[in-house]
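Comments concern the structure below.
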Amino acid sequence: MKSFKLEIVNPERVVVSEEVESVVLPAVDGFLGILRNHVPIFGGLDIGVIRYRKEGKSHTVACNLGVFEMRENTLRVLADTAERGEDIDVLRAQEAKKRAERRLQEKAQDLDYVRAELALKRAIARLKAAAGEGKGR
Amino acid sequence: MPEQMRDIKRRIRSIKNTEQITKAMEMVAAARLRRAQSKVESARPYAEEIRKMAGRIAASLEDVSHPLLVEREVRNTGFVIFTSDRGLCGAFNARVIRFAQDVLRERDARSIVAVGRKGRDFFRRRGYDLLAEFIGIGDEPGVDVAREVVRHILKLYESGALDEINLVYTEFVSTSRQRPVVRRLLPIEIPTGDGNESRRADDYIYEPSPKRVLDIILPRFVEAQVYRAMLEAKVSEHAARMLAMGNATENAGEMINQLTLSFNKARQAAITKELTEIVTGAEALKG
């Protein structure tokens, strides 16, 4: 199968730099599948799981907000955070999820609702990526 | 043991202690320097990509307008100044502070965001307008620290408290050379026309819209610049500390050598004196 270059970078380091066959990523208004020769596109990235296929095998990366660009058969993803599924500390992610849920339930007065909800979303994405789940398998 | 010899011995011991401390600090700084340098290295791809992307977006859109790009009439200019929290790093802080003072005087500005305790203390004492301060960012700051700084800066900019914001930090040239620099942060100057890449105006699809993509990418562009400044300042700090402590260790070594020499001389003199006394005594008995 024809491949193209996938680069996933966060401000601290390069997370993925590989030749891949297909990518499904969470854009701000829905999942987007990308194959070789996709037209040039700029887009906003949502919190979620990026899934890509390399040599027939599927891989996951948990990502935070960011931007992506496909051009000349290179897909560049710049995310605030990005972590390969296999590198994720599942226990910590579960802790974070519980913490976020608790905060949302308690409805504390000083609760920053948007922030708590984002934290929950991130924790869920990380758990999904760790389990190898995600859209578009 | 005569009084003089005891004194010298005590001093040697005290300087040896100091030497051990400065030696240890030098080694710690060297280790941190290496780590900080590799951080700068691994942060480069993101910074470069986001710059190029912003350039390509600007080249592909006919009309790029965004609040962070607009040049307003400048009534109030702010400076984000990066210093260290701790001392014992030679002229590192003095140099960047003096440089910042000159720039501020030149630009007739008094508004400051201080990153690092040394700078905060200095500018607060001098009565500058300290709009925000960030203390205790640690020896190896992550991007989350930069994000926190950017959040504050953007608030100051968007509220109109500041119309222009610059970064003042120490740039790392080599282990023995670091120089203070000033760089404009806001409004953003999108780098266009560097190289042939950004010249090509590809027809891009924007998902969902050019405006939304700009909303996402521009604050991150700012963030990458602040993060870079923070890392450069840290690398410079560790390099300056390593050098300062290395010099201190060397000086201590020299002092110990000199004192050891004095000690030996004093001992020799004491022995000679004792011998002379004995010989004189024996001569007297003979006589």
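Residue numbers (our numbering), protein chains in the order written: chain D, 1 to 137; chain Y, 138 to 424. The beta carbon of each residue, even a glycine, is placed where N, CA and C say it ideally should be. All values reported here derive from a predicted model rather than from experimental measurement.
{"Check": "Nearest-angstrom Cα separation, counted from T220 (chain Y) out to R431 (chain Y)", "Outcome": "Outside the shown range of chain Y, which is 138 to 424, sits residue 431 (chain Y), and nothing can be said about it."}
{"Check": "Where the alpha helix (DSSP H) containing K121 (chain D) begins and where it ends", "Outcome": "Y113 to A130"}
{"Check": "Own chain partners of F42 (chain D) with C-beta closer than 8 Å, once the 5 adjacent residues on each side are dropped", "Outcome": "V67, F68 and E69"}
{"Check": "Spatial distance of A131 (chain D) from Y306 (chain Y) (CA atoms)", "Outcome": "43 Å"}
{"Check": "Local conformation of R36 (chain D) per DSSP, three classes", "Outcome": "coil"}
{"Check": "C-alpha gap between L268 (chain Y) and K5 (chain D), whole angstroms", "Outcome": "44 Å"}
{"Check": "Endpoints, the alpha helix (DSSP H) within which N401 (chain Y) is located", "Outcome": "P347 to K423"}
{"Check": "Own chain, CB closer than 6 Å to T81 (chain D), minus 5 neighbours either side, in chain order", "Outcome": "N10 and N64"}
{"Check": "Start and end residues, alpha helix (DSSP H) containing G256 (chain Y)", "Outcome": "R254 to R262"}
{"Check": "Minimum C-alpha distance to I149 (chain Y) - residue among Y:P356, Y:A191 and Y:L396", "Outcome": "Y:L396"}
{"Check": "Other residues of its chain near V20 (chain D): CB distance less than 7 Å, five sequence neighbours each side excluded", "Outcome": "S3, F4, L6, Y52, R53 and K54"}
{"Check": "Start-to-end residues for the alpha helix (DSSP H) that takes in A79 (chain D)", "Outcome": "Note, A79 (chain D): premise wrong, no alpha helix (DSSP H); beta strand (DSSP E) at T74 to A79."}
{"Check": "Residue environment, Q362 (chain Y), which counts as buried when at least 16 other CB atoms sit within 10 Å", "Outcome": "buried"}
{"Check": "Cα-Cα separation between R404 (chain Y) and L412 (chain Y), rounded to whole angstroms", "Outcome": "12 Å"}
{"Check": "Between the CA atoms of A246 (chain Y) and R212 (chain Y) - distance to the nearest angstrom", "Outcome": "9 Å"}
{"Check": "Alpha-carbon to alpha-carbon, Q141 (chain Y) and N394 (chain Y)", "Outcome": "17 Å"}
{"Check": "Boundaries (first-last residue) of the alpha helix (DSSP H) holding A173 (chain Y)", "Outcome": "E140 to S197"}
{"Check": "Beta-carbon separation (whole angstroms), V49 (chain D) vs K128 (chain D), contact threshold 8 Å", "Outcome": "5 Å"}
{"Check": "Exposed unless 16 or more other CB atoms sit within 10 angstroms - verdict on Y113 (chain D)", "Outcome": "exposed"}
{"Check": "Unbroken stretches of the alpha helix (DSSP H), 4 residues or longer, contained in the segment 277 to 326 of chain Y", "Outcome": "280 to 295"}
{"Check": "Residue from Y:E344, Y:S399, Y:E420 and Y:P356 whose Cα sits closest to the Cα of G33 (chain D)", "Outcome": "Y:E344"}
{"Check": "Stretch pair the segment 365 to 385 of chain Y + the segment 163 to 178 of chain Y: three plus CB contacts closer than 8 Å", "Outcome": "yes"}
{"Check": "Per-residue burial, S17 (chain D) [other beta carbons within 10 Å of its own, 16 or more giving buried]", "Outcome": "exposed"}
{"Check": "Residue(s) in a DSSP beta bridge with Y341 (chain Y)", "Outcome": "DSSP lists no partner for Y341 (chain Y)."}
{"Check": "Between the CA atoms of L304 (chain Y) and R244 (chain Y) - distance to the nearest angstrom", "Outcome": "14 Å"}
{"Check": "Against chain Y: residues of the segment 41 to 56 of chain D by CB proximity under 9 Å", "Outcome": "I41, F42, G43, G44 and L45"}
{"Check": "Neighbour flag for R336 (chain Y) against chain D, beta carbons, 7 Å", "Outcome": "Because R336 (chain Y) sits at a pLDDT of 46, beneath the cut-off of 50, its placement in the model cannot be relied upon, and the point is left open."}
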